[in-house]
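Just below is one structure, and these are the notes that go with it.
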Amino acid sequence: QTDGGVVYRGLAGVTFDQSQITLIDGKQGRLQYRGYSIHDLVEQTTFEETAFLLLNGQLPTTTELDQFKHQLVAAREIPATILELIQLLKDGHPTEVLRTCLSALATFDAERLDGSVTATKARSIRLIAQMPCLIAAHHAIRQGKTPIQPNPTLDHAANFLYMLQGTIPSQQAQQIVNQILILHADHSANASTFAARVVAGTRSDWYAALTAAIAAFAGPLHGGAIEQVIAMIQAIGTPERAADYVANLQANNQPVMGFGHRVYQTEDPRARHLRKAAQALSAQSDNNYYAILEAVVQAMRPYMAKGIDVNVDFYASVIYHLLGIPYDLFVPAFIVGRTVGWLAQIQEQYANNILIRPLLAYVGPIDQPYPALSQRQ
Ligand code: SDX
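Using UniProt numbering, read the sequence shown as starting at 97 and increasing by one per residue.
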């Protein structure tokens, strides 16, 4: 287009549709799923209840919750061909392998374009249930081991850790993973959700939309930041070196990973709970990663006054590390929670669909005389 209208780079501050899923108030640091405060949800519900809420718009009754949990447990089995695919790709980064498996899963769903309530619910349950199984299967296969079968007595969070580690996790670990999955479940029009909505908006299928979401999520400015936070902690080494490290980044105009957000001008409300969990786990170990993070926070104080504050990835990195999860599984672990949000958002996009097609202000040359090939220099 050549109309030269106002340009909103990065769509910053642009509202592109209405939604009934997640409220974010970036000034006050408020976050609600379907009208319920994230603080109530993280302290009082399980991942399964929150997932039901996000997908269905209301909290489940006891019967609905039981049924939902049973359906999730029953849908965990991964097609054998996908396990063969993982075997072939086993040396890839776990996020790349997961993204490829998601795309491949479409070929097993004859009803992938069926938007009926029944097909949508069954597909969502399958995708939520299988995501941790895919990650754990890849983790086993890349170590030359046979994937650990899901444990039907364990809920989503506990079973994920169990399949990764082969032992039933402690009550504390189960509770923390439950909380982290709830906190990660949705965040409105973030880049990966937007990517999913763009794909769904063309009426492409669910797997295509989720594959796009994972692709967008993996970048270090978005979900990939969680892996970068651990790299930063290791580069810093000891709390005493944090101030110099931060000053050096600032001098070179480089972002401190796990800080800053397009929407929040204050602390991300999810960080409060993640800090608490990271602190609790840290108190039980002699690992200094949490202390390094706190030293980074101190060094960032002057920038926090300008609205550059802790985001969701900052403390989550240390939690996963202290739970014994390998660094390259941090992004996939975040995806286990976020899958629910992507599914709810794709569902909402399809329910009231519109093609998402913004404009670019063309600023290149115009009306150039066409030179023949022989005349070009
Ligand atoms: C997630 O959108 C979501 O909801 C995402 C998410 C979700 O749940 O889906 O919350 C998950 O993606 C969290 C963000 C993870 N990313 C990081 O931790 C990477 C580090 N942070 C950034 O690079 C940055 O803050 C972004 C990418 C998150 C946001 O960038 P913006 O909105 O494009 O802002 P910007 O980079 O243009 O920065 C604006 C100003 C600049 O200063 P000035 O040039 O105006 O003086 O703020 C400064 C920046 O230098 N700034 C930072 C900083 N982030 C912004 N300075 C130091 N460290 C930082 N981290």
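Beta carbons are placed, not taken as given, at the ideal position from N, Cα and C, and that holds for glycine.
Per DSSP, reduced to three states, the secondary structure at Leu456 is coil, with no helix or strand assignment. Taking C-beta atoms as the reference points, Ala281 and Thr146 count as a pair closer than 8 Å.
Ile231 is a Cβ neighbour of Leu425, given a cutoff of 8 Å. Beta-bridge partners assigned by DSSP to Gln128: Leu119 and Ser133. About 23 Å separates the beta carbon of Glu323 from that of Tyr258, a gap too long to meet the 8 Å contact definition. Excluding the 5 residues flanking it on each side, Ser378 has same chain C-beta neighbours closer than 8 Å at Tyr385, Tyr386, Ala387, Val414 and Leu418, in chain order.
If the five residues before and after Gln128 are omitted, its C-beta is found closer than 6 Å to the C-beta atoms of Leu119, all from its own chain and listed in chain order. In this structure Arg195 is buried. Its beta-carbon is surrounded by 16 or more other beta-carbon atoms within 10 angstroms.
Straight-line measurement puts the Cα of Asp113 at about 10 Å from the Cα of Asn449. Judged by beta-carbon spacing, Thr289 lies within the 8 Å limit of Gln441, meaning their Cβ atoms are closer than that value. For a cut-off of 8 Å, the C-beta gap from Ala308 to Val325 is around 24 Å, too long to register as a contact. Between the alpha carbons of Arg208 and Leu306 lies a distance of about 12 Å. The beta carbons of Ala287 and Ala314 sit about 10 Å from each other, so the pair does not count as a contact at 8 Å. Burial check for Gln464: the Cβ neighbour count within 10 Å stays below 16, so the residue is exposed.
Unbroken alpha helix (DSSP H) runs of no fewer than 4 residues, entirely contained in the region 200-278, are found at 213-238 and 252-261, following chain order. Beyond the five residues adjoining it in sequence on each side, Ile182 comes within less than 7 Å, by CB distance, of Val193, Cys197, Ala233, His234 and Ile237 in the same chain, given in chain order.
Just so you know, the alpha carbons of Ala331 and Leu389 end up roughly 12 Å apart. Per DSSP, reduced to three states, the secondary structure at Phe355 is strand. A direct Cα-to-Cα measurement between Gly320 and Glu160 gives close to 35 Å. With fewer than 16 other Cβ atoms from the protein chains shown falling within 10 Å of its own Cβ, Arg105 counts as exposed. Here Asn344 is exposed: its Cβ has fewer than 16 other Cβ atoms, across all protein chains shown, within 10 Å. Annotation: the region 284-321 contains the following complete segments of the alpha helix (DSSP H) (minimum length 4 residues), in chain order: 287-297 and 302-313. In the structure shown, Val414 falls within a helical segment according to DSSP collapsed to helix, strand and coil. With a 10 Å radius around the Cβ and a threshold of 16 neighbouring Cβ atoms, Arg472 comes out exposed. In the structure shown, Val408 adopts helical secondary structure according to DSSP, grouped into three states. Residue state for Phe426 is assigned as helix, using DSSP reduced to three classes.
The straight-line gap separating the alpha-carbon atoms of Leu317 and Arg358 is approximately 11 Å.
With a cut-off of 8 Å on Cβ pairs, the region 252-268 is not in contact with the region 452-466, counting fewer than three such pairs. Inter-residue distance for Ala171 and Tyr360 is about 36 Å (C-alpha atoms, whole angstroms). Around Pro248, the same chain offers Val169 as residues with beta carbons nearer than 6 Å, after the five sequence neighbours per side are excluded. Judged by DSSP secondary structure, Pro398 falls within the alpha helix (DSSP H) whose first and last residues are Tyr385 to Met400.
Residue environment analysis places Leu107 among the exposed positions, since fewer than 16 neighbouring C-beta atoms fall within 10 angstroms of its C-beta.
Under the three-state reduction of DSSP output, Arg472 falls in the coil class, being neither helix nor strand. In this structure, Gly153 places its C-beta atom within 8 Å of the C-beta atom of Arg130.
In terms of CA proximity to Thr177, Ser199 leads the group Pro398, Ser199 and Val102. Non-local C-beta neighbours of Tyr341 in its own chain, meaning closer than 8 Å and more than five positions away in sequence, comprise Met328, Ala331, Ile332, Val392 and Ala395, ordered along the chain.
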